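In terms of our numbering, the sequence shown is numbered consecutively and its last residue is 513. See below for the structure under consideration.
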Amino acid sequence: MDTHIKIFDTTLRDGEQSPGCSMNLKEKIEVAKCLERLKVDIIEAGFAISSPGDFESVKTVAEIIKDCQVASLARSVEKDIDAAYEAVKGAADPRIHVFLATSPLHMQYKLKMTEDQVVENAAAAVKYARSKCSNIEFSCEDATRSDYDFMVRVVNAVIASGATTINLPDTVGYTTPDEMKELISYVKGHIDNPDGITFSVHCHNDLGMGTANSLAGVLGGAGQIECTINGLGERAGNTSLEEVVMAMRTRPDVYKAQTRIDTTQLYKASKTVYTIIGQQAPLNKPIVGRNAFAHEAGIHQHGVLANKATYEIMTPESVGITSNNLVLGKHSGKHAFETRLQQLGYELDKEELVRCFEEFKVICDKKKVVNDDDLEAIVNHSIITEDIEDGYKLDWFSVNTSNFTTATCTVSLEKNGEKFQEVCLGDGPLDAAFGAINKIVKPEYHTFADFSIFSIAEGKDTIGDATIKLHAGDNRTLTGHGLSTDVIESSIIAYIGAINKLGKKTGSEE
Ligand code: KIV
Ligand code: ZN
């Protein structure tokens, strides 16, 4: 019988803590809902002690999610464990994830602890965590550069103290598949009693081997893979959830393993996460890239037409890419709109539906046909856009620009029924537009952290999806998103979205 491999998703912790990937509470809740629909086994919702915003988001996710375990990370100290427990205790199935480094480098230079102290500290921390919660994971940070026999000592001690999952992470993305398989089977084979203990792998992708190393861990006896949507994470990222899941599904002959993931939700989850962080999948990204299932070469097309299996090892439908690209337009009613969204797997509440339908109608005025990519963008934007109390909205703008004159932009914004207009010169239309907005809003000090604009689909009337990230003076990163067939308009909407948050601390955007 195939082994069940638990999928432990850390998009909201290891993914979110990497530069450019921060999310606010609303966005984290959306990601958590996607993860629940995917049916991951465990959601690591954050690192509760790290900030009040993180605590709040772990707590909120724990209260909302019913069908997955919800975990918080904690260092091996009581105050971290207290915060982690307070944040996850409302979950249907809470987990505390305690960690301590075990490699000589980390113990000597970071922890300044001897081996004995590390064993003692890890055991005491797990015992304390277990006094609060029965589901305890312990991670030997930097396991792949640790001494195997020392790790056996640590693992025996934490299991005796109550740990039920043992994670051996490749913290710096240094290991190779053969080594990972050997590491898991060695530690599992040498501890006093592995019965009832789940071994876990958590790989970083610094050498591009995150997926291969995680799967090798499964061959070595791991029963849990820690991973993130789109492989987000520190430096080169973590193992990609979609890759390991589809590898095990496509090669059961090799891995003899299955997960409970609903793979038809993979594409949608990937898109939602990319929209939130203002990025797009690289064209050739496995599973979710635009070209992942495209067959351009004539010889491939010929083969696929004759029999799909010639060049296709998995179907686009199995990851949720629909081939029935039905188009809607300005004459489509709310019912057709809702039906198509349901077919695409979106269940919106009444309020969200009204908001999305209004946005759809605005887009329809500018674009003859609205396809599935456009619809997904409309929904993703609508569910992550925060309604900021006392926020400004774009009323209209008018821009005058050329490559031989200074650009001028007049902007009219609306707030609480009142309208405000300003005009500004600038180095290009966006500089002028942002200048006019600044004259109206007079925002707090900020700098531009990032600005991206992508086309949603092919064709010259496609929608431009803009994301702007601002750094506030107090270290917060504030994100705004904008959608329009006019890229100047989408950029202006994105800028207003970010500026609206400047005066208002949302806590979780750090
Ligand atoms: O990479 C790592 O070692 C981690 C641990 C905290 C599990 O993220
Ligand atoms: Zn990590």
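C-beta: ideal position from N, C-alpha, C; glycine also. Here the structure is a predicted model, which is why all the values come from computation and not from measurement.
Quick one, are the C-beta atoms of residue i and residue j less than 8 angstroms apart?
i, j, result
"D96", "Q120", "no"
"D209", "V175", "yes"
"T488", "G467", "yes"
"L171", "A132", "no"
"G93", "A65", "yes"
"S53", "H100", "no"
"A300", "G292", "no"
"D12", "L244", "yes"
"H207", "G199", "no"
"I381", "L486", "yes"
"Y88", "K135", "yes"
"G165", "F202", "no"
"G332", "V357", "no"
"N383", "T278", "yes"
"N27", "S79", "no"
"V402", "I440", "no"
"S60", "G236", "no"
"I187", "G224", "yes"
"G323", "L378", "no"
Check residue i in the structure and name its three-state DSSP category.
i, result
"E47", "strand"
"I471", "strand"
"G301", "helix"
"Q282", "coil"
"Q20", "coil"
"C412", "strand"
"N225", "One detail in the question is off: residue 225 reads as Ala in this sequence, not Asn. A225: coil per DSSP, three-state reduction."
"G56", "helix"
"I2", "Within the shown structure, residues of the chain are numbered from 4 to 513, placing residue 2 beyond reach of any answer."
"V402", "strand"
"F340", "helix"
"I456", "strand"
"G510", "Annotation note: pLDDT 42 at G510 (below 50); position unreliable, no value reported."
"G485", "strand"
"L378", "helix"
"Y151", "helix"
"G234", "helix"
"N216", "helix"
"A497", "helix"
"P197", "coil"
"N159", "helix"
"P255", "helix"
"F437", "helix"
"P180", "helix"
Give me whichever residues DSSP pairs with residue i in a beta bridge.
i, result
"R98", "A74"
"P172", "H205"
"I386", "For I386, which the question treats as bridged, DSSP gives no partner whatsoever."
"N241", "H207"
"Q345", "Paired residue(s): none; Q345 is not in a bridge."
"K9", "Q227"
"F363", "Its beta-bridge partners do not exist; DSSP assigns none."
"A260", "T6"
"E417", "K396 and K422"
"C37", "Per DSSP, none; premise fails for C37."
"H449", "A475"
"T480", "H474"
"G429", "A410"
"V373", "L331"
"E144", "A104"
Taking the alpha-carbon of residue i as reference, which of the options has the nearest alpha-carbon?
i, options, result
"S2", "D376, K333 and A128", "It is not possible to answer for residue 2, since the shown part of the chain is limited to 4 through 513."
"Y448", "M154, G506 and E392", "G506"
"A86", "I280, V248 and A51", "A51"
"M249", "I264, G336, P446 and A272", "I264"
"V276", "I8, P22, L38 and F11", "L38"
"S75", "K82, A90 and N241", "A90"
"I502", "L486, G438 and P55", "G438"
"A297", "V257, A410, I316 and E33", "I316"
"S321", "A239, D17 and A295", "A295"
"D516", "G223, E185, A163 and H205", "Absent from the structure is residue 516, since the part of the chain shown begins at 4 and ends at 513."
"L41", "F423, K62, K9 and D173", "K9"
"V129", "N233, H334, K82 and L114", "K82"
"K36", "Y349, M110, A215 and S494", "Y349"
"V444", "I456, T179 and E421", "E421"
Compare the C-beta of residue i against all C-beta atoms of chain B and say whether one is closer than 8 angstroms.
i, result
"A215", "Of the protein chains in the structure, only one exists, and it is not chain B."
Counting Cβ pairs closer than 8 angstroms, one from the stretch 426-436 and one from the stretch 472-486, do we hit at least three? no
Can we say the stretch 148-166 touches the stretch 114-133, given the rule of at least three CB pairs closer than 8 angstroms? yes
Would you call the stretch 489-508 in contact with the stretch 390-398, where contact means no fewer than 3 C-beta pairs closer than 8 angstroms? yes
Tell me, please, whether the stretch 286-300 touches the stretch 59-72 by the rule of three or more beta-carbon pairs shorter than 8 angstroms. no
Touch check for the stretch 394-409 and the stretch 364-382: three-plus C-beta pairs under 8 angstroms? no
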